[in-house]
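**Student:** Counting in full-length UniProt numbering, the sequence shown runs from 1 upward without gaps. Please see the structure below; I have some questions.
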Amino acid sequence: LFNWTRSLQCLTMDRNPLLMLSPDTFFGLEHSLVNISLQSCSLTSESLESLLPLENLERVKLQSNFLTTILPANLFFSMSKLLVLDLQRNQLIEIPSKFPPSLRELDLGNNRLSILPFTNHTFGQLSQLVTLDLSSNPLQCDCRVKPLYYWLLTHFQPELVPYVQWICSTPKVLAGKQLGTLSNQQFICVEKQLLSFNVWPKDSKTALLEWTTTFSGSPIELLVVENDIPLPKLQMNDTQNYFFLENLKPSTYYSLCLQTDDQIQCRNLTTKSQQIVSLTSSSSSSSSSSPMSLFTIDIQYLTIGISFSICIVLLILFFLILTLIKHRIKYPPSSKTTAATIESYYQTGGSDTTQTAICSKSLEEHSVNSLQYHRSTPMFCYCQLPSNYCPDQQSYHFYHEIPLSKPAVLI
1 LFNWTRSLQC LTMDRNPLLM LSPDTFFGLE HSLVNISLQS CSLTSESLES
51 LLPLENLERV KLQSNFLTTI LPANLFFSMS KLLVLDLQRN QLIEIPSKFP
101 PSLRELDLGN NRLSILPFTN HTFGQLSQLV TLDLSSNPLQ CDCRVKPLYY
151 WLLTHFQPEL VPYVQWICST PKVLAGKQLG TLSNQQFICV EKQLLSFNVW
201 PKDSKTALLE WTTTFSGSPI ELLVVENDIP LPKLQMNDTQ NYFFLENLKP
251 STYYSLCLQT DDQIQCRNLT TKSQQIVSLT SSSSSSSSSS PMSLFTIDIQ
301 YLTIGISFSI CIVLLILFFL ILTLIKHRIK YPPSSKTTAA TIESYYQTGG
351 SDTTQTAICS KSLEEHSVNS LQYHRSTPMF CYCQLPSNYC PDQQSYHFYH
401 EIPLSKPAVL I
């Protein structure tokens, strides 16, 4: 890629998350390249090997990647002209103890560093270092942080030291405090002690190991002796206080020992036979079935109760409906009946109720008599006429009584 650019001095490849680096990626730039920037490229620790041939680098920016450690450990120490190294916003949990004496700026902010390998000898070699950033790291402020504390006091202005954002996370009494606000007497290392060690067999092939210590971050090894035959050592996780030991042999004698730098505790274990374990498993399964049967019975009772409640609600609804039907039959709704179809006097909008009847008297007589008995309601009368009276008309005609508000008119 860079075979024809052998005089290139500055290379910026920021924000390339798909960038893949190999040992020969920068072939051709071994002697010319001075500045390189690979920020936000999703680089891992393994991809740093591609920088090893670049021996004349002065500025290296590896900000915002996925670095957890530096591989190989002597990567930056081999860059004899390195002046600026930016490793902030990664996931570093450890850094190498050696850096080139030419280094002037080292940015390690926003990582996961707790214990730094900086000793008085380290800072003695970094005589040119003027800028060091350790902000947003969970620092462990015990006796091992004293060299860093001394460097802080001698390289920052005294009035600015209390405001430097180097925050302690452990021990608990110093958690959340700024390193520059503490005194030398507060940096104490607790004596390393292995307080307890217990072994709990689970079955013929597995055992649980538990322990408690007064320290963290120091290596703990497990020594296993099987029937007086030593097995390879196992390295324990220094952030946990338990371990599942698997692939044990049934009916076998074991000697288990936890070892620290200056202390060792041992426990003996004889694994169970496979037959006993099988019997124990069968009995435990039968006992576990009992709670399951009780659970099934509870479900059955619940189902019966719900069904019974539904039946009661339906029965109540049935009786209510039956009562309403009987009430309707006994007390039917009232309706107005008339002797004949009423045809209103006011054909277009009248709503007065009228009475109808068949008149056997003459129209004159009925009109006069009706004034005495019907003073409120108009009435229709059907009066029969002789058939030869009006041959073109029907035998019945409508006449309407004249309202009482006007004088009676005889037709």
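By construction, the Cβ of each residue, glycine as well, lies at the ideal position given by its N, Cα and C atoms.
Going by CA-CA distance only, name the one from L87, N198, S255, W211 that's closest to T44.
**Tutor:** Taking only the C-alpha atoms, the option nearest T44 is L87.
**Student:** Which residues in the same chain as L54 place their Cβ atom closer than 8 angstroms to its Cβ, once the five residues preceding and following it in sequence are excluded?
**Tutor:** F26, L29, E30, L33, I36, M79
**Student:** Ends of the beta strand (DSSP E) at Q259?
**Tutor:** 253-259
**Student:** Taking the C-alpha atoms as reference points, what is the distance between I325 and C311?
**Tutor:** When rounded, the distance between both Cα atoms is 21 angstroms.
**Student:** Quickly, what does DSSP pair E226 with across the bridge? List them, please.
**Tutor:** I229, Y254
**Student:** For S289, which residues in the same chain have their Cβ closer than 7 angstroms to its Cβ, ignoring the five residues on either side in sequence?
**Tutor:** Because the pLDDT at S289 is just 44, under 50, the model does not fix this residue reliably, and the point stays unresolved.
**Student:** What separation, rounded to the nearest whole angstrom, lies between the Cα atoms of Q39 and P101?
**Tutor:** The straight-line gap from Cα to Cα measures roughly 24 angstroms.
**Student:** Looking at the ligand SAM, does it come within less than 6 angstroms of Y149, judged from the CB to the closest heavy atom?
**Tutor:** The ligand SAM is not part of this structure, which contains no ligands at all.
**Student:** Kindly give me the distance between the Cβ atoms of Q185 and L174, rounded to whole angstroms, as I take these residues to be in contact under 8 angstroms.
**Tutor:** The C-beta separation of Q185 from L174 comes to about 12 angstroms, leaving the pair out of contact by the 8 angstroms criterion.
**Student:** Measuring CA to CA, which of P72, N111, F77 is closest to Q91?
**Tutor:** N111
**Student:** Between the stretch 161-168 and the stretch 122-131, do three or more beta carbon pairs fall short of 8 angstroms?
**Tutor:** no
**Student:** How would you call C141, buried or exposed, if buried means at least 16 neighbouring beta carbons within 10 angstroms?
**Tutor:** buried
**Student:** On the three-pair Cβ rule with 8 angstroms, is the stretch 264-274 touching the stretch 228-243?
**Tutor:** no
**Student:** L108: which of L256, I329, S136 sits nearest, CA to CA?
**Tutor:** S136
**Student:** Quick one, are the C-beta atoms of G180 and L152 less than 7 angstroms apart?
**Tutor:** Yes, the pair counts as a contact, with Cβ atoms nearer than the cut-off.
**Student:** Across which residues does DSSP place A207 in a beta bridge pair?
**Tutor:** Looking at the DSSP assignment, A207 forms a beta bridge with P201, L245.
**Student:** Work out the CA separation of L209 and F243 for me, nearest whole Å.
**Tutor:** 5 angstroms
**Student:** Measure the alpha-carbon distance for L160 versus L256 and round it to whole angstroms.
**Tutor:** 52 angstroms
**Student:** Would you grab the beta carbon distance between L223 and W211 for me? Rounded to a whole angstrom, and I think it's under 8 angstroms.
**Tutor:** Between W211 and L223 the Cβ distance is about 13 angstroms, and since that is not below 8 angstroms, they are no contact.
**Student:** What residue range does the beta strand (DSSP E) around N268 cover?
**Tutor:** The continuous beta strand (DSSP E) containing N268 extends over residues 264-270.
**Student:** Considering Cα atoms alone, identify which of D14, L11, C10, S50 is closest to L21.
**Tutor:** S50
**Student:** Under DSSP, the alpha helix (DSSP H) around L152 begins and ends at which residues?
**Tutor:** 146-155
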